[in-house]
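Our numbering puts the first residue of the sequence shown at 10, with every later residue one more than the last. Even for Gly, the Cβ is constructed at its ideal location relative to N, Cα and C. Take a look at the structure below.
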Amino acid sequence: MDTSRIKRESREQSSTPLKQRNYQEVVAYLNEHWKTGDVNKTLERMTLLDCEFGSISKKRDAIIICGTNGKSLTAHFATKLLQSEGLAVGAFIAPHILTYNERITLNQAYIPNKSFTDFGNSVIDAVDRLGLSCNSSEILTMMSLLFFEEQKADVAVLESHEGGAHNPVNICNAKVVAITRVTPDKVGVTAEELKASLVEMVGVVKSGTHVVSGDQIKAHLQMMEDITVAQGGQWAMPIRKLSPLVYPFEQLHGRCAALAERIASLYMNSSVASDATIVNDSLLIKQKGQRGRPTLEAKRLARLNPKKTIDQFWKENINTLPSKFQLFDKEKPSVLLDSADNLDALENLLLGIRLFHYQRPIKGLTVIIGASKNTLHSEEFLKALRYFFKKTAGQAFVCPVDNSVTPGNGEDATWSVEHVVSDIKSKKMKATAFVSFAQAFEAAKATVDERHGLVVVTGSNAVIHEYWKYRGIKKLG
10 MDTSRIKRES REQSSTPLKQ RNYQEVVAYL NEHWKTGDVN KTLERMTLLD CEFGSISKKR
70 DAIIICGTNG KSLTAHFATK LLQSEGLAVG AFIAPHILTY NERITLNQAY IPNKSFTDFG
130 NSVIDAVDRL GLSCNSSEIL TMMSLLFFEE QKADVAVLES HEGGAHNPVN ICNAKVVAIT
190 RVTPDKVGVT AEELKASLVE MVGVVKSGTH VVSGDQIKAH LQMMEDITVA QGGQWAMPIR
250 KLSPLVYPFE QLHGRCAALA ERIASLYMNS SVASDATIVN DSLLIKQKGQ RGRPTLEAKR
310 LARLNPKKTI DQFWKENINT LPSKFQLFDK EKPSVLLDSA DNLDALENLL LGIRLFHYQR
370 PIKGLTVIIG ASKNTLHSEE FLKALRYFFK KTAGQAFVCP VDNSVTPGNG EDATWSVEHV
430 VSDIKSKKMK ATAFVSFAQA FEAAKATVDE RHGLVVVTGS NAVIHEYWKY RGIKKLG
């Protein structure tokens, strides 16, 4: 492939005036191009785009996070840790709830509309000049890399929302690769399909890449290690302990936090340890031991300026990522949002509600569930709900979802509300069907105590979107 020729021709054509889209037009373009070029899984289009922008993927250090659940949360915690080390950290995560800006952040601040529009135009124009059929995932990935380069980010934390080897973020040579939990993301996924998915995830590993996983299944870990070694990567001990977050988040998010800590530690010790200024104040970089006993002056300074520990960091930091067990306890009644869209994520949410109930007794609980077909509705889903409601009194409100409001989130058409409610009732649980989220939420508020009740909204990104729409909120942050 003669990429140099394409790059030369594109520069010659760049003098031709191209359409300048405003913010809403860039958003509309992205909404319409999620399925473009989606049939052929390849990095060829990204390689050509990267060449067009001067191999920008090689200009910044990258960390790639793959897996089924916990990717965005792990990226969020890793960003916080790396920021605490004095680094400027770009993050590219998926999916979004209200706006595409949520996917691209620098030091946890969303990309401004102007930058989003400018980089959107630059990438879309390049796609047109090269005659490529790029999808929105590829365009957004390149936009994020351009933004991180402009902002001089020290490192980019990139989430592989789906797959790995053929995901657009794999255009970067990751210093560290993390694989969270590998579980079925839809109903009816076979063992062979899950194995193929795992192999695809580990496909982002390149020679010299440090690899760590938070998965707990030995067969998965062994497969990851074998592939990592075969591809020249460096396998790190998988996560065993949870980070000491405050209750109840240690049990909910402790594994993601521990994985984020290992990610940041691997990166800092392999890529940044030579920076003496950062090393002196680092929570993560291992410093060489001092010979002999510390001097009296050293002891005095240590007492006057006690060094912050990693455990203290975790006690002071909890998840602030929207829709990930996000509790609004000032609302009347309290509202809990969680975008759990598969069984593993839902079970974690239900555990969190029980832990929250132990801490502060809930007087009235209604769980609003809106999901896509083939994501939750299964016998295991019904068993999980039944076990939960046996331990915690409450009821389920089931509503449809409109996945067109959250394009690019990989969600299918809505599930059959009446069918789901019928199955829930057959297991001796309370359930009610509603024609819309707004109706379900209005009814839910009336069923629980205003001061001590809890309304939970979960099942998909689309239903979380509906909650914010109901509140009249158009953007987060």
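Please identify the residue among the options whose C-alpha is closest to the C-alpha of residue i.
i	options	result
H175	T192, D350 and I73	I73
T56	K437, N182 and R302	N182
G486	G63, I102, T114 and L58	T114
A405	I377, T83 and A393	I377
R112	G419, P121, I327 and I102	I102
T192	E53, V185, S431 and A205	A205
S131	L149, H366 and Y256	L149
L155	Y256, E61 and E427	E61
V196	E389, N116 and L360	E389
V213	L203, A239 and D194	A239
H219	H85, G462 and K184	K184
G373	I362, N122 and L355	I362
E356	Q117, V98, T467 and V35	T467
A135	E34, K28, K295 and K50	K28
S472	F446, A452, H461 and R480	Note that residue 472 corresponds to Val in the displayed sequence, not to Ser. The candidate whose alpha carbon is nearest that of V472 is F446.
A7	V186, E34 and D137	This structure gives no information on residue 7, because the portion of the chain shown stretches from 10 to 486.
A440	T375, S381, Y479 and N412	T375
H229	G217, G241, V255 and E202	E202
E475	K434, K308, K437 and A380	A380
G241	D137, H461, G172 and G217	G217
G403	R30, K437, G172 and S413	K437
N326	K44, V36, F157 and Q92	Q92
M151	G172, G173 and N179	N179
Quick check: residue i and residue j, are their CB atoms within less than 8 Å of each other?
i	j	result
V457	V464	yes
T237	V211	yes
F334	N328	yes
T423	N470	no
T126	Y32	yes
P331	I482	no
Q94	M277	The question names Gln, yet the displayed sequence has Glu at residue 94. For E94 and M277, yes; Cβs fall inside 8 Å.
D421	N383	yes
T401	H366	yes
S153	G99	yes
L275	F322	no
Rounded to whole angstroms, what's the CA-CA distance from residue i to residue j? Just pull it up for me.
i	j	result
L352	L385	6 Å
Q22	G129	Residue placement at Q22 is flagged as unreliable, the pLDDT there being 41, under the threshold of 50; a coordinate-derived value is accordingly withheld.
G263	L345	19 Å
M233	A449	43 Å
P243	D235	Checking the sequence shown, residue 243 turns out to be Gln, not Pro. C-alpha separation (whole angstroms): 11 Å.
V9	H85	Any question about residue 9 goes unanswered here, given that the chain covers just 10 to 486.
W477	L96	32 Å
A285	R395	Unreliable positioning characterises A285 in this predicted model, as indicated by a pLDDT of 45, which lies under 50. A coordinate reading is not provided.
K454	L359	19 Å
S519	L313	As displayed, the chain neither begins before 10 nor continues past 486, which places residue 519 out of reach and without an answer.
S142	I272	34 Å
D59	P370	54 Å
V221	K215	13 Å
G140	I133	10 Å
E53	Y109	24 Å
E451	F398	22 Å
T318	S124	37 Å
E34	N40	10 Å
K50	V198	20 Å
I65	L90	25 Å
T304	I294	23 Å
L310	D320	21 Å
V255	R480	29 Å
Establish whether the CB of residue i and some CB of chain C are separated by less than 8 Å.
i	result
K184	Reference to chain C is not applicable here, since this structure consists of a single protein chain.
Give the C-beta separation of residue i and residue j to the nearest angstrom, bearing in mind that I take them to be a contact with Cβ-Cβ under 8 Å.
i	j	result
S145	G417	6 Å
G9	I188	Absent from the structure is residue 9, since the part of the chain shown begins at 10 and ends at 486.
P257	Q368	7 Å
L391	D350	Actually they do not touch by this definition, with Cβ atoms about 17 Å apart.
F443	V407	7 Å
R190	G79	6 Å
P104	H42	With a Cβ gap of about 15 Å, P104 and H42 do not count as contacting.
K341	E459	5 Å
L364	Q260	6 Å
T88	Q117	6 Å
E168	S81	6 Å
E147	P177	5 Å
Using only the heavy atoms of the ligand NAD, determine whether one of them is closer than 7 Å to the beta carbon of residue i.
i	result
L360	Looking at this structure, you won't find the ligand NAD or any other ligand, since it has none at all.
Q. Are the stretch 160–169 and the stretch 68–85 in contact at 8 Å, needing three or more beta carbon pairs?
A. yes
Q) How do the stretch 242–257 and the stretch 266–275 stand: do at least 3 beta-carbon pairs fall below 8 Å, yes or no? A) yes
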